[in-house]
Amino acid sequence: MTVDINEVGTTAFVIACFRAMEKERARPLFEDPYAEWFVTDQAMGMARQLADAVPESTHMLRFRTRFFNRFVERGIAEGARQVVSLGAGLDMRAQIFAAPGVTHYEVDQGAVVQYKHDVLRGHGITPCPALPFNYLEVDLPEKLAEAGFDLDAPTVIV
Numbered sequence: 130m131t132v133d134i135n136e137v138g139t140t141a142f143v144i145a146c147f148r149a150m151e152k153e154r155a156r157p158l159f160e161d162p163y164a165e166w167f168v169t170d171q172a173m174g175m176a177r178q179l180a181d182a183v184p185e186s187t188h189m190l191r192f193r194t195r196f197f198n199r200f201v202e203r204g205i206a207e208g209a210r211q212v213v214s215l216g217a218g219l220d221m222r223a224q225i226f227a228a229p230g231v232t233h234y235e236v237d238q239g240a241v242v243q244y245k246h247d248v249l250r251g252h253g254i255t256p257c258p259a260l261p262f263n264y265l266e267v268d269l270p271e272k273l274a275e276a277g278f279d280l281d282a283p284t285v286i287v
């Protein structure tokens with residue numbers, strides 16, 4: 130599948146590349162077996178340029194991913210029944226942290242949601258509920274409720 134990364138969002142692709150590269154490290158901080166589905170030559174070139182120009186950016190993205198992964202993991206372990214990912218991009222936490230009785234909701238721009246869902250369906254995965262909106266421009270609780278979100282259930286928001 131070819132895609133104009135500018136239409137979906139360059140950042141989403143570059144971060145997916147960093148997540149995909151994590152498996153090459155001697156001591157990876159996390160595993161994301163899905164990240165490579167979103168790697169393009171163009172995005173990988175940009176990710177490598179960024180890593181060369183600002184090496185600290187690689188570490189920041191690695192620790193950020195690890196932090197949010199642990200946050201979601203702990204939240205679910207402590208009883209969260211819902212996870213909301215704001216600006217979800219191409220991250221795959223809904224699949225990585227799928228658990229019985231836990232519903233994931235992803236919020237992002239329509240082009241990002243559509244592209245991600247197309248890729249997931251191409252791999253035989255049913256996407257989690259997604260809200261194709263800029264979460265700063267809508268009544269987010271209302272839109273989540275329309276998608277089945279329980280406003281009273283324990284929830285993790287990332």
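Residues in the sequence shown are numbered from 130 upward in steps of one, following my numbering. Ideal placement from N, C-alpha and C gives every residue a C-beta, glycine not left out. In this text the structure is predicted, and so the values were computed from the model without any measurement.
Just confirm the distance between the C-beta atoms of residue i and residue j, as a whole number of angstroms; I'd bet it's less than 8 Å.
i, j, result
"residue 213", "residue 284", "6 Å"
"residue 201", "residue 222", "6 Å"
"residue 193", "residue 151", "Residue 193 to residue 151, Cβ: 12 Å. No contact."
Check whether the Cβ atoms of residue i and residue j lie closer than 8 Å to each other.
i, j, result
"residue 264", "residue 215", "yes"
"residue 261", "residue 242", "yes"
"residue 235", "residue 257", "yes"
"residue 149", "residue 165", "yes"
"residue 237", "residue 218", "yes"
"residue 142", "residue 182", "no"
Can you give me the start and stop residues for the alpha helix (DSSP H) that residue i sits inside?
i, result
"residue 188", "184-206"
"residue 238", "Segment: none, residue 238 is in no alpha helix (DSSP H) and carries neither H nor E."
"residue 143", "139-150"
"residue 254", "Residue 254 -> no alpha helix (DSSP H), and no H or E assigned at all."
Just reading off the beta strand (DSSP E) that residue i is part of, what are its end residues?
i, result
"residue 261", "259-261"
"residue 215", "211-215"
"residue 284", "284-286"
Mind checking who residue i pairs with in its DSSP beta bridge?
i, result
"residue 225", "Residue 225 is not bridged to any residue."
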